[in-house]
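Engineer:
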Amino acid sequence: MFVMSTGHEIPVIHPESADGVFSLMWLVIALPLLGAAILLLGGRFTDRWGHLLGTLMPIGSFVISLLMFLQLLGRDAEDRQIVQHLYDWVQVGGLNVGMDLLFDPLSSLFLLLITGVGSLIHIYSIGYMAHDPRRRRFFGYLNLFVAAMLMLVMSENYLGLFLGWEGVGLASYLLIGFWQHKPTAAAAAKKAFVLNRVGDMGMVSAIFLAFVTFGTTSFTLISAKAEFASEATMTALGILLLVGACGKSAQVPLQAWLLDAMEGPTPVSALIHAATMVTAGVYLIVRSNFIFEYAPDAQAVVVIVAVVTILWGAVIGCAKDDIKKALAGSTMSQIGYMMLAAGLGAAGYAFAILHLLTHGFFKANMFLGAGSVMHGMNDDVDMRHYGALSRAMPVTFLTFAMGYLAIIGFPGFSGFWSKDKIIEVALGESWIVGIAALLGAGITAFYMTRLMLMTFFSEKRWDKDVHPHESPAVMTVPLIVLAALSVLGGVLLLGGWIVDWLEPVTGPEVHHDLPLPVIAITLITVVVVAIGVAIAFVLYQRREVPRTAPTDVSFLTTAARNDLYGDAINDALVVNPGRRLVSGLYAFDRGGADGLFTGAAASVRAIGGQLRKAQSGYVRSYALSVLVGVVIVALAMLAVNL
Amino acid sequence: MTEYIVLSSILFTIGAVGVLVRRNAIVVFMCVELMLNACNLALVAFAKQHGNLEGQVAAFFVMVVAAAEVVIGLAIIMTIFRARRSASVDDASLLKF
Numbered sequence: 001m002f003v004m005s006t007g008h009e010i011p012v013i014h015p016e017s018a019d020g021v022f023s024l025m026w027l028v029i030a031l032p033l034l035g036a037a038i039l040l041l042g043g044r045f046t047d048r049w050g051h052l053l054g055t056l057m058p059i060g061s062f063v064i065s066l067l068m069f070l071q072l073l074g075r076d077a078e079d080r081q082i083v084q085h086l087y088d089w090v091q092v093g094g095l096n097v098g099m100d101l102l103f104d105p106l107s108s109l110f111l112l113l114i115t116g117v118g119s120l121i122h123i124y125s126i127g128y129m130a131h132d133p134r135r136r137r138f139f140g141y142l143n144l145f146v147a148a149m150l151m152l153v154m155s156e157n158y159l160g161l162f163l164g165w166e167g168v169g170l171a172s173y174l175l176i177g178f179w180q181h182k183p184t185a186a187a188a189a190k191k192a193f194v195l196n197r198v199g200d201m202g203m204v205s206a207i208f209l210a211f212v213t214f215g216t217t218s219f220t221l222i223s224a225k226a227e228f229a230s231e232a233t234m235t236a237l238g239i240l241l242l243v244g245a246c247g248k249s250a251q252v253p254l255q256a257w258l259l260d261a262m263e264g265p266t267p268v269s270a271l272i273h274a275a276t277m278v279t280a281g282v283y284l285i286v287r288s289n290f291i292f293e294y295a296p297d298a299q300a301v302v303v304i305v306a307v308v309t310i311l312w313g314a315v316i317g318c319a320k321d322d323i324k325k326a327l328a329g330s331t332m333s334q335i336g337y338m339m340l341a342a343g344l345g346a347a348g349y350a351f352a353i354l355h356l357l358t359h360g361f362f363k364a365n366m367f368l369g370a371g372s373v374m375h376g377m378n379d380d381v382d383m384r385h386y387g388a389l390s391r392a393m394p395v396t397f398l399t400f401a402m403g404y405l406a407i408i409g410f411p412g413f414s415g416f417w418s419k420d421k422i423i424e425v426a427l428g429e430s431w432i433v434g435i436a437a438l439l440g441a442g443i444t445a446f447y448m449t450r451l452m453l454m455t456f457f458s459e460k461r462w463d464k465d466v467h468p469h470e471s472p473a474v475m476t477v478p479l480i481v482l483a484a485l486s487v488l489g490g491v492l493l494l495g496g497w498i499v500d501w502l503e504p505v506t507g508p509e510v511h512h513d514l515p516l517p518v519i520a521i522t523l524i525t526v527v528v529v530a531i532g533v534a535i536a537f538v539l540y541q542r543r544e545v546p547r548t549a550p551t552d553v554s555f556l557t558t559a560a561r562n563d564l565y566g567d568a569i570n571d572a573l574v575v576n577p578g579r580r581l582v583s584g585l586y587a588f589d590r591g592g593a594d595g596l597f598t599g600a601a602a603s604v605r606a607i608g609g610q611l612r613k614a615q616s617g618y619v620r621s622y623a624l625s626v627l628v629g630v631v632i633v634a635l636a637m638l639a640v641n642l
Numbered sequence: 643m644t645e646y647i648v649l650s651s652i653l654f655t656i657g658a659v660g661v662l663v664r665r666n667a668i669v670v671f672m673c674v675e676l677m678l679n680a681c682n683l684a685l686v687a688f689a690k691q692h693g694n695l696e697g698q699v700a701a702f703f704v705m706v707v708a709a710a711e712v713v714i715g716l717a718i719i720m721t722i723f724r725a726r727r728s729a730s731v732d733d734a735s736l737l738k739f
């Protein structure tokens, strides 16, 4: 199938039915779901062993995923799409949706990421949440999240994807607000939930439109029919899907929830807000490539959103003193890179996924490292109270350093390969986008170096009664594994492996003519990164870091400390007009609608109050009124008859 | 014929005025009886004029009702008098708004 408008082949999904080890596909979702059910319904009986069960479930899923992945590796490229039909799910009129699972090169990588990194984070949580009385419930929620995320990436149709999409939203709400006794955590959970619902509106509308246009929500059938739809429809579909992706992946303008979401326990930040859930938007766009390839305008919007987000998140990351919020700003920015690559079409899909995987490794690593630091610092998150921790926590420091080198794109580390490729593709697309991506890389290097120096180097700024100590092995072992993955993640690009691997899903790679030779782009990137590191070194290692944040700072710093006024913008554009509308409606309801009824009732009551006085208790006055009544009736009858 | 009706009217008026102006429950009661009997007189007179018995039958019914009413009314008045040491209808005015 050759399409003239885009000039390259857009693949159509034609899956085979599952057999052999692939018939265990459903177990990948079922295991964590079962774990969640047991832990959440089992109550206190499961308290003593709940965390162990909760950890075994994703490990079981990981083993099955790995077996299926190895099996898939052995197959020919055109046989690498396998579908398992579980049962007919929704059959209403023309709508016929099956509970179908799709296992293809794209979902296989996600499965390994989710269950692999997920299992490590479960293990880490055993130590991190050891003293929390509600640990069993925490593991129940984590299992629920993993099951929902797996549903999201394994479904063969948009409706099933949406089921996982909402499940992930629910689980993240429960986990962000896990310490619900803190009002800030409860508010952050609510904010994440509401902003995600805004994105879900786009998602639901996209599913409706897809059903109206194609009469189905199945990826297989839509990809086969995609070329017959009009470009306007495809653009609308693409934009609606992007709205959904913006909500889940914290892209501008729906980015405001991610920073507040750091109120949750740190493993949650690592699992949900770095490694998996926020990447769902990227998955959605790459999975919907057969829609975006026919909608170049929608792709352009994706690129714009992504570029804005890259810089937005990076600027926020520069000014935050809260270690988790600095990392959250960086997550936002890195997901911007993935969205950018996904928005650049067939040239970028594979690199979006590559960056997603490497980011999943190094960001989970760093978030868990941050959790380990907080563990040793009595849950203080302010980096201005850290300093010189490299001696006190050597394992955390070394693993964190691997993640740090990976994210800034130090040559040879995983982030170097993935980010470099994205910058290269972006430069091939246009100068402006490429330079923005390059600038983002420089800022990333700056804020990550700042974070690194303030936490592990410079001089001690600890509180008096703080005695930093290394975390137990149950926490450091996952860190070591993730650090190894952060270093080695680049092997996925060896010989262009990931590009070939994803070809059945995203189509053959497209090469743009680059304005510069590849090696020159790489060198420029490395130089930009080095400049970022150098500036941070001058500002935070040579000078003394004050224990309290200085207040006489530039406007940009103040703005970045306030999340670039994201909340204020939301307030001004949506929240306050909404509030005014509601209070207006409320006043009308009170004064107008209720006033009519309560007014009528009140006047009846007032008249009754006066008439009541006639009931005086004096029999003779009653007798008089009876007599008067009789006389009146008699006179009336006379008047009528005469 | 007219004489009967005039007498009936006079008796009824005396009864009605008595009910309205007297406070003693016994007297009020007697006035009520007077009104009932004034009605009876009118009924019987009209029955005689029309030449049928319906009015007379109605008068008997009124008498029966009046007798029953006397039994209950006097009993109530007795009870009120025992409780309050007064037979004034204005004193028993607690049941009001």
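Heads up: the sequence lines are chains S and X, in that order.
With the first letter of the first sequence counted as 1, position 121 gets the number 121 in my numbering; the numbers rise by one all the way through.
With the first letter of the second sequence counted as 1, position 45 gets the number 687 in my numbering; the numbers rise by one all the way through.
For each residue, glycine too, the CB sits at the ideal point set by N, CA and C.
#1: Which residues in the same chain as Arg384 of chain S place their Cβ atom closer than 8 Å to its Cβ, once the five residues preceding and following it in sequence are excluded?
#2: If the cut-off is 8 Å on Cβ atoms, which residues from the region 171 to 189 of chain S count as contacting chain X, listed in chain order?
#3: With DSSP as the reference, please indicate the residues paired to Asn96 of chain S in a beta bridge.
#4: Using a Cβ-Cβ distance cut-off of 8 Å, determine whether Val604 of chain S contacts chain X.
#5: Does the count of Cβ pairs from the region 237 to 247 of chain S and the region 282 to 293 of chain S closer than 8 Å reach three?
#6: Tell me, which residues are paired with Glu16 of chain S by DSSP?
#7: Could you give the DSSP three-state label for Phe410 of chain S: helix, strand or coil?
#8: Find the nearest neighbour of Ala18 of chain S within the set S:Gly35, S:Ile64 and S:Ile82, judged by alpha-carbon distance.
#9: At the 8 Å Cβ level, is Ala599 of chain X part of the contact set with chain S, yes or no?
#10: For a contact defined as C-beta to C-beta under 8 Å, what are the partners of Ser616 of chain S on chain X?
#11: Which stretch, first to last residue, makes up the alpha helix (DSSP H) that contains Trp257 of chain S?
#12: Do we get a CB-CB distance below 8 Å when we pair Arg580 of chain S with the residues of chain X?
#13: Of all the CB atoms in chain S, is at least one closer than 8 Å to the CB of Val707 of chain X?
#14: Within 8 Å (strictly less), CB to CB, does Val731 of chain X reach chain S?
#15: If you draw a straight line from the C-alpha of Arg580 of chain S to the C-alpha of Leu258 of chain S, how long is it?
#16: Taking the straight line between their C-alpha atoms, what separation do you get for Ser458 of chain S and Arg542 of chain S?
#17: Out of S:Met277, S:Pro577, S:Val302 and S:Ile353, point me to the one whose CA is closest to Val499 of chain S's CA.
#18: Taking just the CA atoms, how far does Thr331 of chain S sit from Gly663 of chain S?
#19: Quick one: which unbroken alpha helix (DSSP H) runs of 4-plus residues sit fully inside the region 342 to 396 of chain S? Chain order, please.
#20: Pull up the distance between the alpha-carbon of Leu676 of chain X and that of Val604 of chain S, whole angstroms please.
#21: Counting only C-beta atoms, is Val661 of chain X closer than 8 Å to chain S at any point?
#22: Ser155 of chain S to Ser486 of chain S, Cα distance in whole Å?
#23: Between which two residues does the alpha helix (DSSP H) carrying Ile524 of chain S extend?
#24: Assess contact between the region 106 to 118 of chain S and the region 165 to 174 of chain S, defined as three or more Cβ pairs (one per stretch) separated by less than 8 Å. Is contact present?
#25: If you draw a straight line from the alpha carbon of Met637 of chain S to that of Val630 of chain S, how long is it in whole angstroms?
#26: Give the C-beta separation of Pro15 of chain S and Leu102 of chain S to the nearest angstrom, bearing in mind that I take them to be a contact with Cβ-Cβ under 8 Å.
#27: How many angstroms separate the CA atom of Ala689 of chain X from the CA atom of Val661 of chain X?
#28: May I ask you to list the residues that DSSP assigns as paired with Ser155 of chain S?
#29: Do Thr309 of chain S and Gly118 of chain S have their C-beta atoms within less than 8 Å of each other?
#30: Helix, strand or coil: how does DSSP classify Asp322 of chain S here?
#31: Give me the residue from X:Asn694, X:Ala708, X:Val648 and X:Glu696 with the minimum Cα distance to Cys673 of chain X.
#32: Please tell me whether Phe145 of chain S and Leu120 of chain S are closer than 8 Å, where the distance is taken between their beta carbons.
#33: Count the C-beta pairs between the region 524 to 538 of chain S and the region 407 to 416 of chain S that are closer than 8 Å, then say yes if the count reaches three, no if not.
#34: Run down chain X in chain order and give the residues with a C-beta less than 7 Å from the C-beta of Lys613 of chain S.
#35: According to the neighbour-count rule (16 or more other Cβ atoms, all chains shown, within 10 Å of its Cβ), is Gln615 of chain S buried or exposed?
#36: Taking the alpha helix (DSSP H) that Ile632 of chain S belongs to, which residues open and close that run?
Structural biologist: A quick look at the data gives this:
#1: The residues are Asp321, Met454, Arg461, Val545, Pro546, Arg547, Thr548 and Ala549.
#2: none
#3: S:Gln91
#4: Cβ-Cβ to chain X under 8 Å: no for Val604 of chain S.
#5: yes
#6: Answer by DSSP bridge pairing, in chain order: S:Ile82.
#7: Phe410 of chain S: coil per DSSP, three-state reduction.
#8: Residue S:Ile82 is the option with its Cα nearest to Ala18 of chain S.
#9: There is no way to answer for residue 599 of chain X, as the model of chain X reaches only from 643 to 739.
#10: The contacting residues are Ser735, Lys738 and Phe739.
#11: Trp257 of chain S -> alpha helix (DSSP H) spans Ala256 to Asp260.
#12: no
#13: no
#14: yes
#15: 27 Å
#16: 8 Å
#17: Here the closest residue by C-alpha is S:Ile353.
#18: Nothing about residue 663 of chain S can be reported from this structure: the residues present for chain S run from 1 to 642 only.
#19: 349 to 376 and 389 to 392
#20: Their Cα atoms are separated by approximately 41 Å.
#21: yes
#22: 28 Å
#23: From DSSP, the alpha helix (DSSP H) with Ile524 of chain S extends over Val518 to Phe537.
#24: no
#25: 10 Å
#26: About 6 Å; that satisfies the 8 Å criterion.
#27: 28 Å
#28: Partner(s): S:Leu101.
#29: No. Outside cutoff.
#30: If DSSP states are grouped into helix, strand and coil, Asp322 of chain S belongs with the strands.
#31: X:Ala708
#32: no
#33: yes
#34: Phe739
#35: exposed
#36: Val619 to Asn641
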